[in-house]
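One structure is given here, and the rest of the page talks about it.
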Amino acid sequence: MRHLDDTDWAIIDALSRDGRLSNVDLADHVGLTPAPCLRRVRRLEGEGVIAGYRAVIDPLALGRSLEVTASVEVSSTHAETVVDFEEAIVAFDEVVEARKVFGSPDYFVRIVVADVAAYERFLMEKLTRLPAVSRVNSHQTMKLLKGQV
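Count the sequence shown with the numbering used here and you get residues 261 to 409, in order.
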C-alpha cells in the first residue's frame, strides 16, 4: 500500500460518515472531479483501505432496546474448544460484536436483546451452556456516548 495523502484521508473521512455518498457528491466534498475521485475510491478499495460498506441498523427500531456487554472468561485453552466457543458466539443472533482480548477477561461480547428477560434467556440457555465458559460478568449500557448504534 502506498502513502495516503490528504485527499485520500478526506475521502476516507467522508465515506466513514456517510457510505452512501454518490461519487459526484464525494468528489465535490473533497475538491476533485468525479473521474479522479472514483479512481481514488477504487484504489482505496483495491488496497483494502476501504473494506466494505454496510447499513447501520438501529436496534431500538427492531425492538431490541437492551444492550449488554458481557466479559467472558473461558476455562479451556484447548484449541478445539476455543474454536468451538468462538464459532458458537458469532453464530448467536443476539451477539452483535465479539472481541478476543489480551489478559482477563478472555472476551468482550456485545449483546442486544429486547429486554432483561430476553437477556436472561440468552445467558442461561445459550452463553453459559457453552462448555468453555467459566465466568460471565454482565454490564448493561446506560447511555451510548460515542460509537455506533
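Idealized CB from N, CA, C, for every residue including glycine.
Y367 counts as buried, since no fewer than 16 other beta carbons sit within 10 angstroms of its beta carbon.
Put simply, the backbone Cα of A348 is about 13 Å away from that of V356.
Between the alpha carbons of S336 and V328 lies a distance of about 24 Å. Boundaries of the alpha helix (DSSP H) harbouring L298: P294 to G306, taken from the DSSP string. In the three-state reduction of the DSSP assignment, I310 falls in the coil class. V290 and I271 do touch by the CB rule: their CB atoms are close to 6 Å apart, below 8 Å. The alpha-carbon separation between L292 and A274 amounts to approximately 13 Å. In the structure shown, the three-state DSSP call for A392 is coil. When the beta-carbon positions are compared, V350 and A358 come within less than 8 Å of each other. Shortest Cα-Cα distance from K403 to any of S331, T388, S276 and L326 involves L326.
Annotated three-state conformation of F382 is helix, per DSSP.
In this structure, the alpha-carbon of R395 lies about 19 Å from that of V372.
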